[in-house]
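In the numbering used here, the protein residues as written are 1 to 307.
Have a look at this one:
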């Protein structure tokens, strides 16, 4: 009886159109990344963000070990080790900044500012990779920065450390997507995700060592869940772009803002203001436009969200 369950489930999934399956995976990814951010906020009440970042990638590496063993380490074959190293350092800086921001800033505000990462990536792609720059791309970048100013409101309210760290984390993430673009034609998504954990885990342990405290039993499940849900989100997001086009997927990424607002309110009593919603919407629309334009023009887009 049990042996017939898996084929039935597989059969049911195969009947769902590829585009719809991709959209469902994109929704799963958006929810997963928000749950990751929520777990970081919870764990930060007890542990330093350096330690949280280490556990995020350490447990993720444990989840990936069966796949590494199954491939007989073939998944680690690469001719771009230097690029993996550069990307890992950028990710480490991004995670340290983002996780610190999450520990002291409302979830919805961090989420709104994280949408600017693809815009930073676009600027760097034009300047470093010499990608074609058009007026529409630069206008989208401009509107993205206007959205960021709407969220931050410099000169109207005091800009605290949290939002600035969220922006810096988005900048580092945008730079890391530049490296992903450079590897897109030679490295599989599985290899990139695996190397991310293999390199970042020991790198982040260096910082964690100086602030080390053994996690208590009530926060340990949150750390394990954090790594698990991040891995699920990473693969779901990557797989979604294999099943559906960016036109269908990009609007769904905005559900991260909805989840962040809901969980922030239910768990931490946070109510996002109108300025956060307005600025986040402007930033998201600008980033979505850039991503869709890249997809239509055949440019290699980095199918990865800030997590």
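For every residue, glycine included, the Cβ atom is placed at its ideal position computed from N, Cα and C.
What you are looking at is a predicted structure, and each value in this text was computed from that prediction instead of being measured.
- [ ] Could you check what DSSP says for residue 290 in three-state terms: helix, strand or coil?
- [x] Taken through DSSP and simplified to helix, strand or coil, residue 290 comes out as helix.
Task: CA-to-CA distance, residue 250 to residue 122, given in whole angstroms - done: Taking the Cα positions, residue 122 is about 16 Å away from residue 250.
Task: Cα-Cα separation between residue 18 and residue 214, rounded to whole angstroms - done: Straight-line spacing of the CA atoms in residue 18 and residue 214 works out to 45 Å.
- [ ] Give me the Cα-Cα distance between residue 216 and residue 127, rounded to the nearest whole angstrom.
- [x] Cα to Cα, residue 216 sits roughly 46 Å from residue 127.
TODO: Determine the closest residue to residue 97 out of 228, 166, 203, with distance taken between C-alpha atoms.
DONE: Out of 228, 166, 203, 166 has the C-alpha closest to the C-alpha of residue 97.
TODO: Starting from the C-beta of residue 94, find all residues in its chain whose C-beta is less than 7 Å away, skip the five residues before and the five after it, and write them out in chain order.
DONE: 169, 172, 173, 176.
Task: Collapsed DSSP secondary structure at residue 119 in the structure displayed - done: Assigned with DSSP and collapsed to three states, residue 119 falls in helix.
Task: Residues that DSSP places opposite residue 154 in a beta bridge - done: According to DSSP, residue 154 bridges with 157.
Task: Candidates 24, 79, 56: closest to residue 184 by CA position - done: Nearest C-alpha to residue 184 among 24, 79, 56: 79.
Task: Cα-Cα separation, residue 257 to residue 228 - done: Answer to the nearest angstrom: the Cα atoms are 21 Å apart.
- [ ] Express the C-alpha separation of residue 71 and residue 259 in angstroms, rounding to a whole number.
- [x] Each residue's Cα considered, the two are about 36 Å apart.
- [ ] Kindly indicate the opening and closing residues of the alpha helix (DSSP H) around residue 51.
- [x] Where residue 51 is concerned, the enclosing alpha helix (DSSP H) stretches over 49 to 70.
Open item on the list: Please classify residue 245 as buried or exposed, where buried requires at least 16 neighbouring CB atoms within 10 angstroms.
Closed with: By the neighbour-count rule (16 or more Cβ atoms within 10 Å), residue 245 is not buried but exposed.
Open item on the list: Less than 7 Å between the C-beta atoms of residue 104 and residue 179, yes or no?
Closed with: Cβ distance not < 7 Å, so residue 104 and residue 179 don't count as in contact.
TODO: Could you work out which residue in 235, 160, 106, 77 is closest to residue 42 when comparing CA atoms only?
DONE: Measuring from the Cα of residue 42, the nearest candidate turns out to be 106.
Task: Three-state class that DSSP yields for residue 27 in the structure shown - done: In this structure, residue 27 counts as helix in the three-state DSSP scheme.
- [ ] Check whether the Cβ atoms of residue 240 and residue 25 sit closer than 7 Å, and answer yes or no.
- [x] Taking 7 Å as the cut-off, the Cβ atoms of residue 240 and residue 25 count as close.
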